[in-house]
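Everything in the sequence shown is counted per the working numbering, starting at 17 for the first residue and increasing by one. Reviewing the structure listed below.
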Amino acid sequence: MATQISTGTAELRDIAKMERIGAHSHIRGLGLDDRLEPRANSQGMVGQAKARKAAGMALKLVTEKHISGRAMLFAGPPSTGKTAIALGMAQTLGPDVPFTMIAASEVFSLAMSKTEALTQAFRRSIGVRIKEETEIIEGEVVEIQIDRSLTGATKTGKLTIKTTDMETIYDLGTKMIDSLTKEKILAGDVISIDKASGKVSKLGRSFARSRDYDAMGADTKFVQCPDGEIQKRKEVVHTVSLHEIDVINSRTQGFLALFAGDTGEIKPELRNQINTKVAEWREEGKAEIIPGVLFIDEVHMLDIECFSFLNRALENDLAPLVIMASNRGMARIRGTNFRSPHGLPVDLLDRVLIVSTKPYEEDDIKQIIQIRCEEEDVVLTPEALSALTVMATQTTLRYALNLISCAQVLARKRKAEKVDVEDLRRGYVYFMDEKRSVQWLKEQQGSLMFEVIGDEAKDSMDVSA
Ligand SMILES: Nc1ncnc2c1ncn2[C@@H]1O[C@H](COP(=O)(O)OP(=O)(O)OP(=O)(O)O)[C@@H](O)[C@H]1O
Ligand SMILES: [Mg+2]
């Protein structure tokens with residue numbers, strides 16, 4: 017049995033997270049104060065106080081009490097901030113608490129079974145904080161001596177390194193010489209070398225060398241020459257998700273699959289081994305489980321098999337906080353002929369805490385529009401702001417937000433700095449909102465293709481999907 021479970025952390029440590037830009041880029045958190053009371057307008061969030069507070073409380077449960085296996089459902093009309101609140105939650109969580117976001121329909125489009133896709137999403141949302149001891153060599157470089165062979169193909173050398181208490185000479189191989197050259201290490205630099213990976217990092221220049229100005233740039237950082245032993249043991253803590261451990265240890269995939277996103281199905285036996293190993297680490301005090309958050313947007317798109325999988329998975333003690341969002345009212349449960357609130361079966365609804373989001377008041381809409389204008393670097397005249405707010409109440413918030421950048425293009429065309437009512441009016445004429453589009457379709461009276469689908473046909477189509 018392969019009990020050798022690796023966490024591949026050396027490779028994963030360097031992966032940077034990508035910043036999202038787009039419809040929700042103004043959201044920087046939930047905008048709650050220390051007592052979890054929602055501030056009127058903070059961190060890009062406006063209004064929707066109850067839902068924000070509920071979201072904050074759920075996070076508190078996860079981060080402080082490490083409670084897992086809870087589920088929440090945000091239910092409300094379109095563009096009432098369900099996705100925005102979920103993203104606000106993601107930003108509130110600490111950097112090593114995992115947050116995974118999927119749209120329910122993704123589960124069907126991956127080249128793996130639905131339950132495998134959900135299992136992966138679950139495991140991606142559970143972090144394992146691992147303590148590892150590594151050995152490092154830390155000191156001030158006294159001398160680097162490199163000997164090249166005649167052809168230059170191989171290099172050998174010696175590194176003399178010291179602390180205030182001792183001095184040692186190390187033999188260098190080609191790889192080590194290359195990393196020292198790459199980091200531009202000179203005599204007088206204070207460096208640290210990770211013994212396991214051979215990674216060299218420059219901590220700064222020794223104070224003793226602060227006078228030889230020729231070797232310094234303007235941003236040279238001076239540090240003390242370290243004291244004590246040259247070789248030290250250092251404890252490093254890092255967090256990986258269970259899914260990352262799965263992929264790194266699956267024999268067919270290996271850790272490169274994490275970058276490709278093409279992880280395939282992972283064998284249940286491997287997962288069991290990993291669970292056992294992680295449990296062992298926990299008992300030894302080497303690892304700690306960090307339950308994270310899994311957000312499933314448009315959850316009504318899951319089908320009955322997925323829902324029953326969720327029921328079971330939530331009862332597992334390695335389950336994250338699952339947050340779902342749906343804008344459906346009474347809807348058919350996919351894969352059945354039953355109707356149910358939000359398109360979710362009642363046994364699942366029974367397990368979740370439901371939070372409703374409500375349509376915004378005019379004042380909130382105005383503030384959201386203002387925030388978006390700042391985000392998109394658009395200046396509206398006061399009249400335009402009022403006009404757009406009225407438009408948002410008559411059409412939808414999303415339509416109004418989309419109109420901002422269109423109106424700016426129109427304003428620029430007439431070489432104006434600020435967007436005025438006239439630009440909005442023209443944008444309104446160019447782009448239809450949903451209500452006018454429906455009206456227009458009615459006026460066309462069947463001249464478009466595939467217009468009439470009877471209710472029966474629609475239902476049978478959905479069932480087979
Ligand atoms: N309380 C809020 N504060 C600031 N911006 C908000 C707020 N609520 C919504 N928005 C913004 O309004 C737009 C629509 O909101 P969002 O996409 O979150 O709606 P939704 O409830 O997920 O709708 P749907 O059901 O259609 O998915 C987004 O650009 C979002 O960032
Ligand atoms: Mg949404």
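Ideal Cβ positions, reconstructed from N, Cα and C, are used throughout, including at glycine.
Residue range of the alpha helix (DSSP H) that includes residue i
| i | result |
| --- | --- |
| isoleucine 387 | 378-392 |
| lysine 191 | 190-198 |
| isoleucine 320 | 320-329 |
| serine 421 | 413-429 |
| leucine 365 | 362-365 |
| threonine 135 | 130-140 |
| methionine 317 | From DSSP, methionine 317 is part of no alpha helix (DSSP H); its letter is neither H nor E. |
| serine 125 | 122-125 |
Test item: CB-CB of residue i and residue j under 8 Å
| i | j | result |
| --- | --- | --- |
| arginine 298 | glutamate 149 | no |
| aspartate 363 | alanine 400 | no |
| glycine 92 | lysine 374 | yes |
| alanine 341 | phenylalanine 90 | yes |
| isoleucine 420 | glutamate 390 | no |
| aspartate 380 | glycine 60 | no |
| isoleucine 290 | phenylalanine 311 | no |
| glycine 308 | isoleucine 43 | no |
| valine 263 | valine 144 | no |
| aspartate 163 | threonine 172 | yes |
| glutamate 245 | lysine 218 | no |
| methionine 88 | leucine 369 | yes |
| glycine 85 | leucine 330 | yes |
| lysine 211 | isoleucine 152 | yes |
| valine 113 | threonine 135 | no |
Limits of the unbroken beta strand (DSSP E) element including residue i
| i | result |
| --- | --- |
| histidine 254 | 247-257 |
| aspartate 449 | No beta strand (DSSP E) holds aspartate 449; DSSP gives it neither H nor E. |
| aspartate 313 | 309-313 |
| serine 372 | 368-372 |
| phenylalanine 115 | 115-119 |
| isoleucine 177 | 171-178 |
| methionine 88 | 87-91 |
| aspartate 205 | 205-210 |
| isoleucine 339 | 337-342 |
| methionine 346 | 346-348 |
| arginine 355 | 355-357 |
Backbone secondary structure at residue i - three-state DSSP
| i | result |
| --- | --- |
| glutamine 289 | helix |
| arginine 225 | helix |
| leucine 52 | coil |
| methionine 105 | helix |
| proline 284 | helix |
| leucine 219 | strand |
| leucine 464 | coil |
| proline 398 | helix |
| arginine 36 | Per-residue confidence for arginine 36 stands at a pLDDT of 41, beneath the threshold of 50, marking its modelled position as unreliable; the derived number appears in the next sentence. Residue state, collapsed to three classes: coil. |
| isoleucine 162 | strand |
| arginine 68 | helix |
| glutamate 151 | strand |
| aspartate 243 | coil |
| serine 453 | helix |
| arginine 145 | strand |
| threonine 184 | strand |
Neighbourhood of residue i by C-beta, 8 Å cutoff - its chain only, sequence neighbours within 5 removed
| i | result |
| --- | --- |
| isoleucine 37 | Unreliable positioning characterises isoleucine 37 in this predicted model, as indicated by a pLDDT of 45, which lies under 50. The coordinate reading is nonetheless provided below. Counting only Cβ-Cβ distances below 8 Å, and skipping sequence neighbours, we find nothing. |
| aspartate 243 | Thr179, Thr180 and Asp181 |
| cysteine 241 | Gly155, Glu156, Lys178, Thr179, Thr180, Val206, Ser222, Phe223 and Ala224 |
| arginine 68 | Leu46, Gly47, Leu48, Pro54, Met61, Ile101 and Gly104 |
| histidine 40 | Thr99, Ala100 and Leu103 |
| leucine 52 | Lys69, Gly72, Met73 and Lys76 |
| threonine 397 | Lys434, Val435, Asp436 and Val437 |
Proximal residues to residue i (C-beta, below 7 Å), its chain only, five neighbours per side dropped
| i | result |
| --- | --- |
| aspartate 319 | Arg350 and Gly351 |
| arginine 344 | His316, His358 and Gly359 |
| glycine 443 | Leu419, Cys422, Ala423 and Leu426 |
| serine 402 | none |
| phenylalanine 138 | Leu310, Ala329, Ala335 and Pro336 |
Spatial neighbours of residue i in its chain, beta-carbon cut-off 6 Å, leaving aside the 5 residues before and after
| i | result |
| --- | --- |
| arginine 140 | Thr116, Ser257 and His259 |
| serine 95 | Thr412, Leu413 and Arg414 |
| leucine 334 | Ile142 |
| serine 372 | Ala91 and Gly92 |
| serine 463 | none |
| valine 239 | Val206, Leu219 and Gly220 |
| alanine 56 | none |
CB contact below 8 Å: residue i versus chain D
| i | result |
| --- | --- |
| threonine 405 | Any reference to chain D falls outside this structure, which holds one protein chain only. |
**Message:** Taking 5 Å as the limit, name every residue whose beta carbon sits nearer than that to some heavy atom of ligand 1, in sequence order.
**Reply:** Ala39, His40, Met61, Val62, Gln64, Pro94, Ser95, Thr96, Gly97, Lys98, Thr99, Ala100, Asn343 and Ile384
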